[in-house]
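Everything on this sheet refers to the single structure shown next.
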């Protein structure tokens, strides 16, 4: 917004002028110790976000979206591979594979929500396999 720009503008103007009460010609602006531009070859280092910033941005992005997150063809291959164990030469309607994928992704999202609650309950922020196991155990999916 404009507020942040004016804040930035004010800050940049403050840095350029010497502080009040001091009129030493040689001390302002402060000299660089050594020649830092030649040490790095004048290359600006790439901008890095703080740890967690990008993760939070992705969380907001994926919570807003409704599209499927697993690629269609790899999922279809997995379905065919699993189905072969039960009956060979099975054919699938494309709508059937799409329905399976919708159900699978909805299940995983729900499981991760429960897993996250288990993690927060233990006063952690990083999910671990034991959180998924606990969530499934409470749901009654595995004894």
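Numbering (the numbering used here), first residue to last: 151 to 293.
No residue lacks a Cβ here, since even glycine has one placed at the ideal position from N, Cα and C.
Cβ distance (whole Å) where residue i is taken to contact residue j below 8 angstroms
i	j	result
residue 218	residue 255	6 angstroms
Reference residue i; option with closest CA among the options
i	options	result
residue 224	236, 207 and 248	248
residue 263	272, 206, 192 and 282	282
residue 213	260, 286, 289 and 246	260
residue 221	215, 251 and 206	251
residue 206	288, 280, 238 and 275	275
residue 243	230, 216 and 211	230
residue 289	277, 278, 257 and 270	257
residue 246	226, 201 and 192	226
Opening and closing residue of the alpha helix (DSSP H) in which residue i lies
i	result
residue 282	279 to 289
residue 271	244 to 271
residue 208	203 to 214
residue 224	222 to 234
Cβ of residue i within 8 angstroms of any chain C Cβ
i	result
residue 270	In the displayed structure, chain C is absent; only one protein chain is listed.
Same chain, Cβ closer than 6 angstroms to residue i, neighbours up to 5 away in sequence not counted
i	result
residue 273	none
residue 233	240
7 angstroms CB neighbourhood of residue i in its chain, flanking five on each side removed
i	result
residue 268	281, 284 and 285
residue 266	277
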